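Have a look at the structure below, then the notes.
Residue numbers (full-length UniProt numbering): 1 to 382.
See the structure below:
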């Protein structure tokens, strides 16, 4: 296709299921006429060549050095899909070379790096996209549509609870990079970050944030590559996040709590939005705390003043009605919709382009959460 954009995909592993790039980006990029994978970049040229062979990508260039990738005149977009601590070093050369860039969320390890990359992209005039693809989740889009329609009335309060999978009692050796808090790859930045971004996309941003962070398991059991116990490791990253704030747009109070590991009671994700006229409930499947990957159900109940006393149903409880929502077949769906939107496709269906500027807002929010937890103060980020 003459107008297809040529992508250098950074981080496509030949090991298959361990790579997010292979699960989410590759299926979409191989099925679309909007983009073409023109190059692969991995930690070594041999690794990039192995990935090209594994996925039968016969006509791609292979690189190990980000500056060489950025200098390739046959590349329009550099897509960075690697571990968070590497984002800054792999993204900066592409921006400096004038390439458009996609980076997984979080944009960088910390606010300072995110600010630098965002400012540099603005100065160089490149287009950017950040991997906050929960905004493309059909259930999140439906919730946004319902809230904006006024069907819930004025938003009074909203509570979100989720489990983030990571930081249970055991940690696999491939996730050792996430244990230091300064690495920026933890419960707060990744599962909570994706989920709270979806919340703010639906309800608006927060103010007067009060946060509690805890490292409840500072020592974890390490699992080796063979899945067997390999000793103990320590972590400084937090494994519990609790945030309370108020909606900036004049709405009500918001509470978001994320816990480690998976739920023992099959409640990995539950989000309730309560308005004066109705209530919306989004509930996730197993591992549903990662709302950027997994799709919650959506249910609605209209407030019936005649069936309630003091706001509480006086007889049988009011039944939640299932809301019909488009079904995402796999984890590549939301990512594909984000790529479509970047190409101008699906914008009339509610999909949007999420840029480095959007990422910077979320990084500022996370920084405010750290400040609040450390100082015991209410913090703002806008």
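No residue lacks a Cβ here, since even glycine has one placed at the ideal position from N, Cα and C. Please read these numbers as outputs of a predicted model, since none were measured by experiment.
*Looking at the structure shown, is residue 66 part of a helix, part of a strand, or coil, going by DSSP?*
Here residue 66 refers to the residue found at position 66 when the chain shown is read from its first residue. Of the three classes helix, strand and coil, the one that applies to residue 66 here is helix, per DSSP.
_Neighbourhood of residue 199 by C-beta distance below 8 Å, restricted to the same chain and skipping five residues each side_ = Locating residue 199 in the chain shown gives position 199, counting from the first residue. 158, 160, 254, 256, 271.
*Short Cβ contact (8 Å threshold) for residue 203 with residue 140*: The residue given as residue 203 occupies position 203 in the chain shown. The residue given as residue 140 occupies position 140 in the chain shown. Not closer than 8 Å, so no.
_Limits of the alpha helix (DSSP H) - the one that residue 363 falls within_ = For the purposes of this step, residue 363 is identified with residue 363 of the chain shown, where counting begins at 1. Segment 356-375, the alpha helix (DSSP H) holding residue 363.
_According to DSSP, is residue 100 part of a helix, a strand, or is it coil?_
Looking up residue 100 in the chain shown gives position 100. Correct three-state label for residue 100: strand.
_On the criterion of 16 or more Cβ atoms from any shown chain inside 10 Å, does residue 235 qualify as buried, or is it exposed?_
If you number the chain shown from 1, residue 235 lands on position 235. It counts as buried.
*asked:* Let me confirm a value: residue 137 is counted as buried when at least 16 other C-beta atoms fall within 10 Å, else exposed. Which label applies?
replied: Position 137 of the chain shown holds residue 137. Flag for residue 137 reads buried.
*Quick one: using the 10 Å Cβ neighbour count with 16 as the cut-off for buried, is residue 342 buried or exposed?*
Residue 342 sits at position 342 when you count from the first residue of the chain shown. It is buried - the Cβ of residue 342 has at least 16 other Cβ atoms within 10 Å.
*Cβ contact (3+ pairs, closer than 8 Å) linking the segment 101-108 and the segment 77-92*: yes
*Can you tell me which of the three DSSP states residue 295 falls into?*
Counting from one through the chain shown, the residue named residue 295 turns up at place 295. Here residue 295 sits in coil by DSSP.
*asked:* Along the chain, where does the alpha helix (DSSP H) containing residue 336 start, and where does it finish?
replied: In the chain shown, the residue the question calls residue 336 occupies position 336. Run containing residue 336: 332-342, per the alpha helix (DSSP H) assignment.
*Output yes or no for whether 8 Å exceeds the beta carbon distance between residue 151 and residue 126.*
Walking along the chain shown from the start, residue 151 turns up at place 151. Walking along the chain shown from the start, residue 126 turns up at place 126. Contact: no.
*Which word fits residue 113, buried or exposed, when buried means at least 16 other C-beta atoms lie within 10 angstroms of its C-beta?*
Here residue 113 refers to the residue found at position 113 when the chain shown is read from its first residue. Buried, by the Cβ-count rule.
*Which one or two residues does DSSP pair with residue 172 in a beta bridge?*
Along the chain shown, read from residue 1 onward, the residue named residue 172 stands at position 172. Bridge partners of residue 172: 223.
*Please work out which residues of its chain come closer than 6 Å, Cβ to Cβ, to residue 325, disregarding the five sequence neighbours upstream and downstream, and give them in chain order.*
Indexing the chain shown from 1 puts residue 325 at position 325. Only 138, 139, 142, 298 meet the Cβ criterion.
_Paired residues, beta bridge with residue 386 - DSSP_ = The chain is shown from 1 up to 382; residue 386 falls before or after that span and cannot be answered.
*Simplified DSSP assignment, three categories, for residue 122*: Your numbering for residue 122 matches position 122 in the chain shown. In the structure shown, residue 122 sits in a helix (DSSP, three-state: H, G or I).
*Measure the Cβ-Cβ separation of residue 70 and residue 62 and say whether it is below 8 Å.*
Numbered from 1 along the chain shown, position 70 holds the residue referred to as residue 70. Numbered from 1 along the chain shown, position 62 holds the residue referred to as residue 62. In this structure, residue 62 does not lie closer than 8 Å to residue 70 by Cβ.
*Can you name the start and end residues of the beta strand (DSSP E) that residue 283 belongs to?*
Here residue 283 is taken as the residue at index 283 of the chain shown, counted from 1. Its beta strand (DSSP E) spans residues 278-283.
_Simplified DSSP assignment, three categories, for residue 148_ = Start at 1 with the first residue of the chain shown, and residue 148 comes out as number 148. Three-state result, residue 148: helix.
_CA nearest to the CA of residue 353, picked from 132, 24, 46, 58_ = Indexing the chain shown from 1 puts residue 353 at position 353. Here the closest residue by C-alpha is 132.
*Can you grab the Cα-Cα spacing for the pair residue 24 / residue 335, in whole Å?*
By 1-based counting over the chain shown, the position of residue 24 is 24. By 1-based counting over the chain shown, the position of residue 335 is 335. Each residue's Cα considered, the two are about 6 Å apart.
_Considering only their Cβ atoms, is the gap separating residue 250 from residue 366 smaller than 8 Å?_
Locating residue 366 in the chain shown gives position 366, counting from the first residue. Locating residue 250 in the chain shown gives position 250, counting from the first residue. Not in contact: residue 366 and residue 250 (Cβ atoms no closer than 8 Å).
*Reducing DSSP to helix, strand and coil, say where residue 6 ends up.*
Mapped onto the chain shown, residue 6 falls at position 6. It is a strand residue.
_Please tell me whether residue 22 and residue 50 are closer than 8 Å, where the distance is taken between their beta carbons._
Locating residue 22 in the chain shown gives position 22, counting from the first residue. Locating residue 50 in the chain shown gives position 50, counting from the first residue. Contact flag unset, no.
*Tell me, please, whether the segment 172-184 touches the segment 285-304 by the rule of three or more beta-carbon pairs shorter than 8 Å.*
no
*What does a CB cutoff of less than 6 Å around residue 363 pick up in its chain, not counting 5 residues either side in sequence?*
If you number the chain shown from 1, residue 363 lands on position 363. Once the five neighbours on either side are set aside, the close Cβ partners of residue 363 are 111, 114.
*So, is residue 29 buried or exposed, given that buried needs 16 or more other C-beta atoms within 10 angstroms?*
Position 29 of the chain shown, counted from the start, is the residue given in the question as residue 29. Buried.
_Since residue 379 and residue 368 should fall inside the 8 Å C-beta cutoff, what is the C-beta to C-beta distance between them, to a whole number of angstroms?_
Here residue 379 corresponds to residue number 379 of the chain shown, with the count starting at 1. Here residue 368 corresponds to residue number 368 of the chain shown, with the count starting at 1. Right, the Cβ-Cβ distance comes to about 4 Å (below 8 Å), so this counts as a contact.
*Which stretch, first to last residue, makes up the beta strand (DSSP E) that contains residue 246?*
For this step, residue 246 is matched to residue 246 along the chain shown. Unbroken beta strand (DSSP E) run through residue 246: 240-247.
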